[in-house]
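A.B. asks: Here full-length UniProt numbering is used: the first residue of the sequence shown is 1, the next is one more, and so on.
Before anything else, here's the structure in question.
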Amino acid sequence: MPLPNKAIMDEMKNRAMARHNQFDLAEEQKVHQELFCKLNNQQRAVYDAVIKSVCEHQGKLFFLYGAGGTGKTFL
Numbered sequence: 001m002p003l004p005n006k007a008i009m010d011e012m013k014n015r016a017m018a019r020h021n022q023f024d025l026a027e028e029q030k031v032h033q034e035l036f037c038k039l040n041n042q043q044r045a046v047y048d049a050v051i052k053s054v055c056e057h058q059g060k061l062f063f064l065y066g067a068g069g070t071g072k073t074f075l
């Protein structure tokens with residue numbers, strides 16, 4: 001298997017970083033608030049557990065399992 005082309009890999013990394021840095025914080029906060037208000041009780045419990053793990057540097061791994069239409073993508 002051939003090795004990846006370093007120039008192409010660097011360009012891909014630069015594009016990814018540019019996309020990452022080009023977001024509107026105010027718009028992201030607005031979208032978060034709109035979606036946050038729509039969480040049901042179970043989704044909110046999972047959301048809270050994930051946020052707690054991140055804020056407290058716990059490094060937990062979360063796995064969402066459920067049938068289609070149960071809100072996994074929304075969460």
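All residues carry an ideal CB built from backbone N, CA and C; glycine is no exception.
1. Please state the DSSP three-state secondary structure of Met9.
2. For the structure I just gave you, are there three or more beta carbon pairs, one from the segment 31-50 and one from the segment 60-67, closer than 8 Å?
3. How about Leu25 and Leu75: are their beta carbons less than 9 Å apart?
4. Return the CA-CA distance between Lys60 and Pro2, expressed in angstroms with no decimal places.
5. Asn41 lies in the alpha helix (DSSP H); which residues open and close that run?
C.D. replies: Per the coordinate set shown:
1. Looking at Met9 - three-state DSSP - the assignment turns out to be helix.
2. Yes: the two stretches touch, three or more of their Cβ pairs being nearer than 8 Å.
3. Pairing Leu25 with Leu75 gives a Cβ-Cβ distance that is not under 9 Å.
4. Near 36 Å, if we compare the C-alpha coordinates of Pro2 and Lys60.
5. Unbroken alpha helix (DSSP H) run through Asn41: 41-55.
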